[in-house]
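Here the working numbering = 1-based position in the first sequence + 2. Presented below is the structure to which this report refers.
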Amino acid sequence: MPADLLEGLNPDQLAAVTAEGSALVLAGAGSGKTRVLTTRIAWLVQTARVSPMGILAVTFTNKAAKEMLSRLSAMLPINTRGMWVGTFHGLCNRLLRAHHQDAGLPQLFQILDSADQLAAIKRLLKALNVDTDKYEPRKVQAFINMNKEAGLRAGRVEAWDPYTRRLVEFFAEYDAQCNREGVVDFAELLLRAYELLERNALLREHYQTRFRHILVDEFQDTSKLQYAWLKLLAGPEAALFAVGDDDQSIYAFRGADVGNMATFMRDMGIAEPIKLTQNYRSHATILDAANAVIAQNANRLGKDLWTDAGVGEPIRHYQAMDDREEAGFVVEAIRELYREGLAYADVAVLYRANAQSRAIEHALFTAGLPYRVYGGQRFFERAEIKHALAYLRLIANPEDDNAFLRVVNFPARGVGARTLEGLDAAARQGGMSLWQAACAGGGKNKGLAGFVALVEGMRAEARGLGLAETVEIVLARSSLIEHYKTEKEGEGRIENLNELTNAALAFAADADDQGLAAAAPGTTASAATADDPAQAQLIAFLAHAALEAGEHEAGAAADAVQLMTVHAAKGLEFHTVFITGLEEGLFPHENALTEPDGLEEERRLMYVALTRARRRLFLSHAQQRLLHGQPRYGLASRFLEEIPTALVHSLNLHRRPTPPPPRSTADWGGGKAPSQPSRELPHKIGARVSHPRYGEGVVSGYQGQGAEAEIRVAFPKVGDKWFILDYVKLTPC
DNA sequence: AACTCTTTAGTCGCG
DNA sequence: CTAAAGAGTT
3 MPADLLEGLN
13 PDQLAAVTAE
23 GSALVLAGAG
33 SGKTRVLTTR
43 IAWLVQTARV
53 SPMGILAVTF
63 TNKAAKEMLS
73 RLSAMLPINT
83 RGMWVGTFHG
93 LCNRLLRAHH
103 QDAGLPQLFQ
113 ILDSADQLAA
123 IKRLLKALNV
133 DTDKYEPRKV
143 QAFINMNKEA
153 GLRAGRVEAW
163 DPYTRRLVEF
173 FAEYDAQCNR
183 EGVVDFAELL
193 LRAYELLERN
203 ALLREHYQTR
213 FRHILVDEFQ
223 DTSKLQYAWL
233 KLLAGPEAAL
243 FAVGDDDQSI
253 YAFRGADVGN
263 MATFMRDMGI
273 AEPIKLTQNY
283 RSHATILDAA
293 NAVIAQNANR
303 LGKDLWTDAG
313 VGEPIRHYQA
323 MDDREEAGFV
333 VEAIRELYRE
343 GLAYADVAVL
353 YRANAQSRAI
363 EHALFTAGLP
373 YRVYGGQRFF
383 ERAEIKHALA
393 YLRLIANPED
403 DNAFLRVVNF
413 PARGVGARTL
423 EGLDAAARQG
433 GMSLWQAACA
443 GGGKNKGLAG
453 FVALVEGMRA
463 EARGLGLAET
473 VEIVLARSSL
483 IEHYKTEKEG
493 EGRIENLNEL
503 TNAALAFAAD
513 ADDQGLAAAA
523 PGTTASAATA
533 DDPAQAQLIA
543 FLAHAALEAG
553 EHEAGAAADA
563 VQLMTVHAAK
573 GLEFHTVFIT
583 GLEEGLFPHE
593 NALTEPDGLE
603 EERRLMYVAL
613 TRARRRLFLS
623 HAQQRLLHGQ
633 PRYGLASRFL
643 EEIPTALVHS
653 LNLHRRPTPP
663 PPRSTADWGG
673 GKAPSQPSRE
683 LPHKIGARVS
693 HPRYGEGVVS
703 GYQGQGAEAE
713 IRVAFPKVGD
723 KWFILDYVKL
733 TPC
């Protein structure tokens with residue numbers, strides 16, 4: 003049996019799978035990384051090096067965790083129960099549920115997703131009377147998360163200037179508010195779990211003894227705190243098996259630290275990583291291009307991908323006049339591929355920024371080709387779903403202020419800003435929740451009393467019932483569906499609400515299936531011993547909604563062209579890949595260039611994009627692109643020039659070199675542009691122009707330089723108006 | 001309280 | 001340009 007397991011592995015893969023002790027595996031794109039991970043787990047169990055109980059495996063996405071589990075159960079006759087496989091957040095949630103008392107949390111703590119967190123911060127800033135122009139809620143949120151992700155509590159953040167000191171105050175107040183309300187945000191999940199193990203020696207030793215083998219996927223994406231957590235959990239004895247690729251590290255902007263790979267080698271005394279460089283995905287031409295591009299980066303552990311799959315076709319490059327023509331090219335090429343027998347679903351169109359999808363979607367739509375856009379709003383993040391979830395949260399815990407505020411007046415029932423102000427004041431004075439304040443001061447406001455009665459009615463009716471029934475009660479009594487019936491375009495929302503019942507059914511079935519512990523992240527030992535199992539399942543479902551916002555994607559099965567950002571494409575592969583918008587300023591993105599290692603990260607992003615393709619690769623750029631409604635002129639991306647010309651076929655040979663753009667409204671050559679001459683004025687003073695909103699007017703003046711340049715137009719009705727020259731759309735008339 | 005108008009901001013995004 | 005949040009109006 004073990005012989006079967008290891009059959010077909012190349013020597014490097016074999017070395018990785020059977021490594022004794024801790025190891026770092028440098029797994030290039032398409033080198034069989036997931037196979038190595040799952041085979042190693044199976045091998046460890048089969049050779050009795052460890053029981054399933056002693057294994058913990060961490061992934062970054064729920065999808066990866068699921069995939070690992072399903073591959074594992076296909077490989078092994080044994081059950082995967084007892085194994086801890088999940089995301090960092092999922093595992094930390096599990097840990098905190100099991101030891102909520104030691105972690106200082108209520109048994110049924112709720113999880114805030116980023117939108118909930120932002121709402122909580124806004125509420126806090128309002129209560130503190132903070133000028134939100136000076137302290138933008140989003141910035142405060144980023145500050146708090148950044149520090150938590152670095153493992154820092156408010157008390158330990160260094161603040162040298164008054165502004166930062168104020169942010170630290172908000173940080174402290176925010177944590178106090180969360181503790182009062184018994185809620186935990188994503189970063190808190192990790193930090194709290196880390197502190198739990200750090201402070202509680204008994205618990206730490208228990209888990210260190212239990213988990214003999216800890217495996218980490220996408221190790222290059224771990225943050226400092228995550229790595230510290232892993233080390234703590236591993237202790238001195240356990241074997242830590244980390245798999246990653248420094249060349250595919252593209253999440254530094256959200257706290258990932260590639261440096262963890264070098265640190266890990268030092269900490270564990272690993273001299274050399276095991277390198278997986280044989281690629282089973284792409285033809286050599288594609289790999290050569292990817293190798294050449296990534297070779298431009300200085301900070302690498304260093305490896306080149308190779309294949310014995312043959313040279314393959316040359317890469318095609320197309321230079322378009324503008325983004326519309328680029329999209330047209332993509333559509334034509336896809337049509338041709340389809341005629342040749344390729345399925346639409348085998349084609350991916352990648353772009354750097356979501357805003358670019360519009361032009362391509364438009365072209366595909368007009369041509370009548372099926373497509374699917376990845377990313378965007380996820381199921382549990384939709385407004386109507388969050389409303390329904392808020393009612394569920396109030397059933398679980400009516401003192402949840404976040405949930406209370408979300409639906410106290412939705413659908414509208416006459417609880418306005420005035421009423422809420424009073425309620426808020428009463429709550430703060432009495433040191434209680436909004437719910438308590440509403441109950442205490444009942445009767446004052448009819449709508450508020452109605453709301454209290456509504457929620458109490460829901461709670462009473464739902465008592466002891468299953469999850470799906472509870473959801474139905476919420477849908478029936480909240481009149482959310484009635485509300486959306488009156489709204490135009492509310493049909494989709496109603497469908498989603500009904501889908502929520504299905505999600506609850508599926509979740510409950512899953513939980514039954516896998517026994518109490520496995521599927522529901524919340525239902526570990528202590529939660530299962532809650533007084534009310536229905537309540538526990540509700541909490542588990544709410545945690546599931548926060549931790550797995552996606553999953554409920556519709557139409558995934560249909561044959562459709564796949565549209566997504568390069569980030570979203572990581573980990574996927576396609577027969578044919580289009581990488582569009584290869585222009586300086588866009589890819590590499592201008593914003594990235596201002597950051598220290600920004601260009602190298604952009605280049606890694608390009609490397610990820612290139613290595614998604616199995617057989618065919620199309621690259622394109624546009625000389626002119628509409629961005630925010632204004633034309634921008636871009637030079638070809640430097641990444642295009644970094645690909646050896648011998649690998650690339652230009653599809654523009656018939657075309658003359660295009661003349662330079664007529665006029666540079668925004669000078670953004672990424673450093674390559676000539677020094678900016680005084681800008682040409684698009685409209686002479688005194689010229690008659692038309693504005694989309696204000697109608698006709700007369701240009702009366704200019705002021706400012708560069709991006710701040712403004713134009714003044716006199717309108718007969720509204721008088722003089724200043725507009726930012728780069729953004730205003732004025733047509734001569 | 002509900003509606004409409006105006007202003008604003010816009011890289012990538014797991015859990 | 002466009003979506004979303006904030007300000008202003010009815």
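Backbone N, C-alpha and C fix where the C-beta goes; we use that ideal spot for every residue, glycine too. All values derive from a computational prediction rather than experimental measurement.
Check: Taking 7 Å as the threshold (C-beta atoms), are L278 and L289 in contact?; Outcome: no
Check: Any idea if R420 is buried or exposed, counting beta-carbon neighbours within 10 angstroms, 16 or more meaning buried?; Outcome: exposed
Check: Looking at Y609: is its Cβ nearer than 7 Å to the Cβ of V295?; Outcome: yes
Check: Where does K128 sit, in a helix, a strand or coil, going by DSSP?; Outcome: helix
Check: Going by DSSP, what residue range makes up the beta strand (DSSP E) through V87?; Outcome: 86-89
Check: What residues in its chain sit with their C-beta under 6 Å from that of P633, if we drop five residues either side in the sequence?; Outcome: Q626
Check: Start and end of the alpha helix (DSSP H) containing Q625?; Outcome: Taken as a continuous stretch (DSSP letters only), Q625 belongs to no alpha helix (DSSP H), being part of the beta strand (DSSP E) at 615-629.
Check: Write down the C-beta distance between A29 and M77 rounded to the nearest angstrom, noting that I regard them as a contact closer than 8 Å.; Outcome: Not really, about 18 Å apart at Cβ, beyond 8 Å.
Check: Below 8 Å on the Cβ atoms is my contact criterion, and I expect N262 with Y229 to pass it. Report the Cβ-Cβ distance as a whole number of Å.; Outcome: 5 Å
Check: Using the Cα positions of G524 and A117, report the straight-line distance between them to the nearest angstrom.; Outcome: Residue placement at G524 cannot be trusted, given a pLDDT of 37 that sits under 50; what the coordinates show is reported in the next sentence. When rounded, the distance between both Cα atoms is 21 Å.
Check: Can you tell me whether V313 is buried or exposed, with buried defined as 16 or more other CB within 10 angstroms of its CB?; Outcome: exposed
Check: Where L467 and I475 are concerned, what is the direct C-alpha to C-alpha distance, given to the nearest angstrom?; Outcome: 10 Å
Check: What residue does the beta strand (DSSP E) around P13 start on, and which one ends it?; Outcome: First-last for P13: 13-19, but that is the alpha helix (DSSP H), not the beta strand (DSSP E).
Check: Just confirm the distance between the C-beta atoms of A122 and N404, as a whole number of angstroms; I'd bet it's less than 8 Å.; Outcome: 6 Å
Check: N299 to M270, Cα distance in whole Å?; Outcome: 26 Å
Check: So, do the segment 386-399 and the segment 349-367 have three or more beta carbon pairs nearer to each other than 8 Å?; Outcome: no
Check: Output the boundary residues of the beta strand (DSSP E) element that contains Q537.; Outcome: That residue, Q537, is in no beta strand (DSSP E); its alpha helix (DSSP H) goes 535-549.
Check: What alpha helix (DSSP H) runs, 4 residues minimum, are completely inside the segment 406-489?; Outcome: 419-432, 436-442, 448-464, 469-480, 482-488
Check: May I ask you to verify whether the segment 379-399 touches the segment 448-465, counting CB pairs closer than 8 Å and requiring at least 3?; Outcome: yes
Check: Could you please give the first and the last residue of the uninterrupted beta strand (DSSP E) stretch that includes D324?; Outcome: 317-324
Check: So what does DSSP say about G246, is it helix, strand or coil?; Outcome: strand
Check: Give the secondary structure of T737 by DSSP, where H, G and I count as helix, E and B as strand, and everything else as coil.; Outcome: The shown model of the chain, from 3 to 735, leaves out residue 737, and the question about it has no answer.
Check: Quick check: the Cα distance between L1 and G631, rounded to an integer number of angstroms?; Outcome: For the chain, the structure presents residues 3 to 735; residue 1 sits outside this window and is missing.
Check: Based on the DSSP secondary-structure assignment, which residues constitute the bridge partners of T578?; Outcome: V349, R618
Check: Kindly list the residues whose CB is nearer than 7 Å to the CB of S435, restricted to its own chain and excluding five residues on each side of it in sequence; keep chain order.; Outcome: E401, D403, A429
Check: Name the residue from K572, F620, A335 whose alpha carbon lies nearest to the alpha carbon of A365.; Outcome: A335
Check: Nearest to Q103 by CA position, among R354, G184, D324, is which residue?; Outcome: G184
Check: From A675 to G688, what does the alpha carbon distance come to, in whole angstroms?; Outcome: Note on A675: pLDDT 32, under 50, position unreliable in the model; no value is reported.
Check: For V38 and D163, what's the separation of their Cα atoms in angstroms?; Outcome: 49 Å
Check: Decide if H651 is buried, meaning its Cβ has at least 16 other Cβ atoms within 10 Å, or exposed.; Outcome: exposed
Check: What residue range is occupied by the uninterrupted alpha helix (DSSP H) comprising Y609?; Outcome: 600-612
Check: Among residues of its own chain, excluding the 5 on either side of Q438, which ones have a beta-carbon nearer than 8 Å to its beta-carbon?; Outcome: E401, A429, G432
Check: With A29 as the anchor, note down where its beta strand (DSSP E) starts and where it stops.; Outcome: 25-29
Check: Any idea if Q379 is buried or exposed, counting beta-carbon neighbours within 10 angstroms, 16 or more meaning buried?; Outcome: exposed
Check: For the beta strand (DSSP E) containing A745, list its first residue and its last residue.; Outcome: Given a span of 3 to 735 for the chain in the structure shown, any question on residue 745 remains unanswerable.
Check: Would you say V159 and N149 are within 7 Å of each other, going by their C-beta atoms?; Outcome: yes
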